[in-house]
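K.L.:
Dumping the structure here so I can ask a few things about it.
There are 2 protein chains.
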Amino acid sequence: MARRIGIKDVAAAAGVSTATVSHVLNRVEGKRISEETRRRVWKAADELGYAPNGLARGLRTQRSQTIGFVSDQIATTPHAGRMILGAQEAAAAEGLVLLLVNTSGDAELERTSIEMLLQRQVDGIVYAAMYHRIVELPEALGSTPTVLLDAGSADPAVPSVVPDEVQGGYAAVRELIDHGHRRIGVTVQTVDLPARQGRLEGYRKALAEAGVAYDPSLVAAETAVPFNTVGGDVDTGYRAARRLLTAERRPTALFCFNDRMAAGAYRAAAELGLSIPGDLSVIGFDNQELVCESVHPQLSTVQLPHYEMGARAVAQLLALTKTPGRPPGPDTKELLPCPLVARASVTSPPRL
Amino acid sequence: MARRIGIKDVAAAAGVSTATVSHVLNRVEGKRISEETRRRVWKAADELGYAPNGLARGLRTQRSQTIGFVSDQIATTPHAGRMILGAQEAAAAEGLVLLLVNTSGDAELERTSIEMLLQRQVDGIVYAAMYHRIVELPEALGSTPTVLLDAGSADPAVPSVVPDEVQGGYAAVRELIDHGHRRIGVTVQTVDLPARQGRLEGYRKALAEAGVAYDPSLVAAETAVPFNTVGGDVDTGYRAARRLLTAERRPTALFCFNDRMAAGAYRAAAELGLSIPGDLSVIGFDNQELVCESVHPQLSTVQLPHYEMGARAVAQLLALTKTPGRPPGPDTKELLPCPLVARASVTSPPRL
DNA sequence: CACGGTTGGCTAAACGATTAGGCAACCCGG
DNA sequence: CCGGGTTGCCTAATCGTTTAGCCAACCGTG
Chain F
1 MARRIGIKDV
11 AAAAGVSTAT
21 VSHVLNRVEG
31 KRISEETRRR
41 VWKAADELGY
51 APNGLARGLR
61 TQRSQTIGFV
71 SDQIATTPHA
81 GRMILGAQEA
91 AAAEGLVLLL
101 VNTSGDAELE
111 RTSIEMLLQR
121 QVDGIVYAAM
131 YHRIVELPEA
141 LGSTPTVLLD
151 AGSADPAVPS
161 VVPDEVQGGY
171 AAVRELIDHG
181 HRRIGVTVQT
191 VDLPARQGRL
201 EGYRKALAEA
211 GVAYDPSLVA
221 AETAVPFNTV
231 GGDVDTGYRA
241 ARRLLTAERR
251 PTALFCFNDR
261 MAAGAYRAAA
271 ELGLSIPGDL
281 SVIGFDNQEL
291 VCESVHPQLS
301 TVQLPHYEMG
311 ARAVAQLLAL
321 TKTPGRPPGP
331 DTKELLPCPL
341 VARASVTSPP
351 RL
Chain D
1 MARRIGIKDV
11 AAAAGVSTAT
21 VSHVLNRVEG
31 KRISEETRRR
41 VWKAADELGY
51 APNGLARGLR
61 TQRSQTIGFV
71 SDQIATTPHA
81 GRMILGAQEA
91 AAAEGLVLLL
101 VNTSGDAELE
111 RTSIEMLLQR
121 QVDGIVYAAM
131 YHRIVELPEA
141 LGSTPTVLLD
151 AGSADPAVPS
161 VVPDEVQGGY
171 AAVRELIDHG
181 HRRIGVTVQT
191 VDLPARQGRL
201 EGYRKALAEA
211 GVAYDPSLVA
221 AETAVPFNTV
231 GGDVDTGYRA
241 ARRLLTAERR
251 PTALFCFNDR
261 MAAGAYRAAA
271 ELGLSIPGDL
281 SVIGFDNQEL
291 VCESVHPQLS
301 TVQLPHYEMG
311 ARAVAQLLAL
321 TKTPGRPPGP
331 DTKELLPCPL
341 VARASVTSPP
351 RL
């Protein structure tokens, strides 16, 4: 195949200058060009199948129409995929494309990765964490527009998009309460993440609203080792649930910090001869389909809105790059709701 | 912050021309430049923190140092994440970066996405499917170097990287045989994928090697609806397993087409009062950790080497872009081994 | 001293777009 | 018929690199 065709070819074919072609194709305002000429240009452009060279354009306009997506763990969970997908589609809708890098939590690798992005003149960067936590932005970012995804920041000036953990926790517990449960256990990890705080707060809020007293003995924290791995979480959930279920007055329902811990609760229940949901209702968090639909009965849970978060993050980024100064008000943190996903693990408590 | 510093700034600081800076920094062969000058240039460059502008460089050299990764489903499985990660890291190691687009199986969207990539002058494209199947390359790709990932092609000229399904199936069944099983059931979907054929072939091969006659009544195919979704597969696996386990002489072990179907088998076993692995050994395929480690006992399985596949795909692509003509021999399909991942669901068959 | 060969570096033309500014040609009123 | 305002388009500079080709200075030699 011959050389890619360029703006000059179009200009030649239409019998005009490249300037005119550019004006027509980009619909530049305030330029006077006859209808007739426009038509010729359009015709030539599309007969030739012209597409502008992004590099050249980017070089001239100082905007690469490209945004960097840096995350610490692309691989381990489908969460990442959802966020990336949301981001990618939102970007594509605006004609932008995503430059993806992964840092595996390695600071040095992160620095070089970010430099590779900056070298390619990304218009902005979405910095994503794979579970909701506090991060600090790497130096290397400099003054590049950045938004945080599924992560909070010490610096309030940098916009972030995170799930509304409180509302999510509330929604989960509310589902249990609506089915008649009053004695509701919680299983959590001991590590103190924003996610943990928020979900627990939602738990207490739902309880309070229903007029149920908060009973600290119903929240079982176990330490997870290894941290945040599938197997580790399942085991943690198992231990925590087992403790709750063998206690004096056992809860009729369990709110588990995440779906993997809920899987552990299933196992504890099975061992103790408790059937789900007949003897025990269980609700999880995350909506990891591979877990929820692999256990029986399928797990009711609360969804982390990863797709939307990804999409909102690029939306925020675009807003940021379009406006001149630093307009993001004081409230630069966007909370996205976590909807309930009801499956088969919640029903009314057993008659006493 | 001031304007990004460019090669001119370095040249000025070092008291040389930009040409010289370029020569030094790129270590161009055959250019005579004194040690002294080199030192000055390096010093200036790194004091100023110079990094070349990728767009300008790409424009001039006609290589963007960027490769496109197009896939049909980024989001649904962690498989995607692993492939992307492998690809990304292999790319980064060569100083390249990944441009990611998703097509959701939509042909129109795919076309425009690919055009966005070509506009940005990607040096090549990795075209990935999310489960091993035959695809045809979209027209839009034109003559861009392309390699297929987890997918085969009708056109033998295009390189592809896929898992060695036969060896994987063999490894799985071999594990069962090694534990003493002779009567081994298989659960599969009815849809005819390369994956299915290969794994079944591996099954028969392992059987033959052990001198066990192939018994067609031991392979249970059920149709999956909806196709290839988590819940759908689990249910399919449940039905297939149930059929096998309620037959006259039930198998002592099950080889399930994938981990989700294995999860269904767990349920069937539970219902029939069979304990795993005591009464029934089970082995899956895919090594989806969320599934394998969420069920109890944890599922032994065979791993799909997604990370390596991603990495090999970009390696192939690089090879392709570096060589002038079309050197990939007749055997342009690379098969990657699927290692066994032993967990807790396989043991010796019960004494009869 | 004239001259050919090295050394070491510079000049300037690309790459393919965008865009500020200019300039003919035309129209119209006085 | 002249002059000023439009209209419609073009010229050329620019973005930040790479790279082909040139050239000055120097050195040793016959």
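Residue numbers (the UniProt record's numbering), protein chains in the order written: chain F, 1 to 352; chain D, 1 to 352.
Think of the CB as a built atom: it goes at the ideal place given N, C-alpha and C, for glycine as much as any other residue.
Just so you know, these numbers come straight off a predicted model, no measurement behind them.
1. Find out if the Cβ-Cβ distance for the pair H132/F, A206/F is shorter than 7 Å.
2. Quick one: grab the DSSP three-state call for A270/F.
3. Considering just the uninterrupted stretch of the alpha helix (DSSP H) at Q197/D, what are its terminal residues?
4. Nearest-angstrom Cα distance between M1/D and V24/F?
5. How would you list, in chain order, the residues of chain F whose beta-carbon sits under 7 Å from the beta-carbon of V234/D?
6. Which residue or residues does DSSP assign as beta-bridge partners of K333/F?
7. Can you grab the Cα-Cα spacing for the pair A263/D / L340/D, in whole Å?
8. For V97/F, which of S22/F, G124/F, S300/F, A240/F has the nearest alpha-carbon?
9. Let me know if P337/F comes out buried or exposed under the rule of 16 or more other beta-carbons within 10 Å of its beta-carbon.
10. For Y238/F, report the span of its beta strand (DSSP E) as first-last.
11. 7 Å is my cut-off, CB to CB: does M261/F come that close to chain D?
12. Under a three-way DSSP split, which group does L254/D fall into?
13. Could you check whether V21/D and I5/D sit closer than 7 Å to each other, using their CB atoms as the reference points?
14. By alpha-carbon positions, which one of G30/F, F285/F, M309/F, L335/F ends up nearest to S345/F?
15. How far does the alpha helix (DSSP H) with V314/D in it extend, from its first residue to its last?
16. Which residues, taken in chain order from the stretch 85-99 of chain F, show a beta carbon closer than 8 Å to some beta carbon of chain D?
17. Run the CB neighbour count on Y214/F, radius 10 Å, all protein chains shown included, and call it buried at 16 or more, exposed below.
18. For A128/D, name the three-state secondary structure that DSSP assigns.
19. By how many angstroms is the C-alpha of N53/D removed from the C-alpha of G198/F?
20. G58/D lies in the beta strand (DSSP E); which residues open and close that run?
21. Can you tell me whether DSSP reads M1/F as helix, strand or coil?
22. V158/D and T146/D look like a contact to me (Cβ under 8 Å); what is the Cβ gap, rounded to whole Å?
23. Could you name the residues of chain D that S113/F contacts, counting a contact when the two beta carbons are closer than 7 Å?
24. Would you call the CB atoms of R343/F and T252/F closer than 7 Å?
25. What does T77/D reach in chain F if we use C-beta pairs closer than 9 Å?
26. Can you name the start and end residues of the alpha helix (DSSP H) that T18/F belongs to?
27. For my contact list, L254/D and A265/D are in at a C-beta cut-off of 8 Å; report their separation, rounded to the angstrom.
28. Using the beta-carbon of each residue, which ones in chain D are nearer than 7 Å to Q303/F?
29. Establish whether the CB of L105/F and some CB of chain D are separated by less than 7 Å.
30. Would you tell me roughly how many angstroms separate the C-alpha atoms of V230/F and I276/F, rounded to the nearest one?
31. Roughly how many angstroms lie between the CA atoms of residue 431/D and E29/D, to the nearest whole one?
32. Contact between the stretch 54-71 of chain F and the stretch 89-105 of chain F is defined here as three or more beta-carbon pairs at a separation below 8 Å; is this criterion met?
33. Does any residue of chain F have a CB that is nearer than 7 Å to the CB of N102/D?
34. Taking Cβ positions only, does I74/F come closer than 7 Å to chain D?
35. Between which two residues does the beta strand (DSSP E) harbouring E222/D extend?
36. Can you name, in chain order, every residue of its own chain whose Cβ lies under 6 Å from the Cβ of V302/F, other than the five neighbours on each side?
P.N.:
The structure says:
1. Here residue 132/F refers to the residue found at position 132 of the first sequence. Here residue 206/F refers to the residue found at position 206 of the first sequence. For H132/F and A206/F, no; Cβs fall outside 7 Å.
2. As a first step, residue 270/F is located in the first sequence; it is residue number 270 there, counting from the start. The answer is helix: DSSP assigns A270/F an H, G or I state.
3. As a position in the second sequence, residue 197/D is number 197, starting the count at 1. 194-209 is the span of the alpha helix (DSSP H), which, as asked, contains Q197/D.
4. Against the second sequence, residue 1/D aligns to sequence position 1. Against the first sequence, residue 24/F aligns to sequence position 24. Legend: pLDDT at M1/D = 47, less than 50; position of this residue unreliable, no value from coordinates given.
5. Here residue 234/D corresponds to residue number 234 of the second sequence, with the count starting at 1. Within 7 Å Cβ-Cβ: E293, S294.
6. Numbered from 1 along the first sequence, position 333 holds the residue referred to as residue 333/F. DSSP output for K333/F lists S160/F as bridge partner(s).
7. As a working note, residue 263/D is residue 263 in the second sequence. As a working note, residue 340/D is residue 340 in the second sequence. Whole-angstrom Cα-Cα distance: 18 Å.
8. For the purposes of this step, residue 97/F is taken as residue 97 along the first sequence, with counting starting at 1. It is G124/F whose Cα lies nearest to the Cα of V97/F.
9. Working through the first sequence from its first residue, we reach residue 337/F at position 337. Exposed is the call here.
10. Sequence index remark: in the first sequence, residue 238/F carries index 238 (1-based). First-last for Y238/F: 230-245, but that is the alpha helix (DSSP H), not the beta strand (DSSP E).
11. Working through the first sequence from its first residue, we reach residue 261/F at position 261. Not one beta carbon of chain D lies nearer than 7 Å to the beta carbon of M261/F.
12. As a first step, residue 254/D is located in the second sequence; it is residue number 254 there, counting from the start. Here L254/D sits in strand by DSSP.
13. As a first step, residue 5/D is located in the second sequence; it is residue number 5 there, counting from the start. As a first step, residue 21/D is located in the second sequence; it is residue number 21 there, counting from the start. Result no, Cβ atoms of I5/D and V21/D do not sit closer than 7 Å.
14. Within the first sequence, the letter at position 345 stands for residue 345/F. Ranking G30/F, F285/F, M309/F, L335/F by Cα distance to S345/F puts F285/F first.
15. Locating residue 314/D in the second sequence gives position 314, where the first residue counts as 1. It spans 306-322 - the alpha helix (DSSP H) in which V314/D sits, taken as one unbroken run.
16. L85, Q88, E89, A92, G95, V97, L98, L99
17. The residue given as residue 214/F occupies position 214 in the first sequence. Exposed.
18. Counting from 1 along the second sequence, the entry for residue 128/D is found at position 128. In the structure shown, A128/D sits in a strand (DSSP, three-state: E or B).
19. Walking along the first sequence from the start, residue 198/F turns up at place 198. Walking along the second sequence from the start, residue 53/D turns up at place 53. Looking at the two C-alpha atoms, the distance is approximately 43 Å.
20. For the purposes of this step, residue 58/D is taken as residue 58 along the second sequence, with counting starting at 1. Looking at the DSSP string, G58/D is not in any beta strand (DSSP E); the run it does join, the alpha helix (DSSP H), is 54-61.
21. Along the first sequence, one-based indexing puts residue 1/F at 1. Because the pLDDT of M1/F is 46, which lies under 50, any placement of that residue in the model is unreliable, and the question is left without a value.
22. Counting from one through the second sequence, the residue named residue 158/D turns up at place 158. Counting from one through the second sequence, the residue named residue 146/D turns up at place 146. The Cβ separation is near 6 Å, so the contact holds.
23. The count along the first sequence starts at 1 and reaches residue 113/F at position 113. The contacting residues are A92.
24. Here residue 343/F corresponds to residue number 343 of the first sequence, with the count starting at 1. Here residue 252/F corresponds to residue number 252 of the first sequence, with the count starting at 1. Contact flag unset, no.
25. Taking the first residue of the second sequence as position 1, residue 77/D is located at position 77. The answer, in chain order, is P78, G81, L290.
26. For the purposes of this step, residue 18/F is identified with residue 18 of the first sequence, where counting begins at 1. It spans 18-25 - the alpha helix (DSSP H) in which T18/F sits, taken as one unbroken run.
27. For this step, residue 254/D is matched to residue 254 along the second sequence. For this step, residue 265/D is matched to residue 265 along the second sequence. Rounded to the nearest angstrom, the Cβ distance from L254/D to A265/D is 5 Å, consistent with a contact under 8 Å.
28. Along the first sequence, read from residue 1 onward, the residue named residue 303/F stands at position 303. Within 7 Å Cβ-Cβ: nothing; Q303/F doesn't reach chain D, min ~13 Å.
29. Here residue 105/F refers to the residue found at position 105 of the first sequence. A small correction: the amino acid at residue 105/F is Gly; Leu does not occupy that position in the sequence shown. No - not a single Cβ of chain D is within 7 Å of the one on G105/F.
30. Numbered from its first residue, the first sequence carries residue 230/F at position 230. Numbered from its first residue, the first sequence carries residue 276/F at position 276. Going from the Cα of V230/F to the Cα of I276/F covers about 22 Å.
31. For residue 431/D there is no data in the structure shown, the boundaries of chain D being 1 and 352.
32. As far as the Cβ criterion goes, the stretch 54-71 of chain F touches the stretch 89-105 of chain F, which means the pair count is three or higher.
33. Residue numbering aside, residue 102/D sits at position 102 when the second sequence is read from its first letter. Closer than 7 Å: yes.
34. Within the first sequence, the letter at position 74 stands for residue 74/F. It does; some Cβ of chain D falls within 7 Å.
35. Here the question's residue 222/D lines up with position 222 in the second sequence. Counting along the chain, the beta strand (DSSP E) containing E222/D begins and ends at 219-222.
36. Residue 302/F sits at position 302 when you count from the first residue of the first sequence. Around V302/F: G168, A171, A172, F285, C338, L340.
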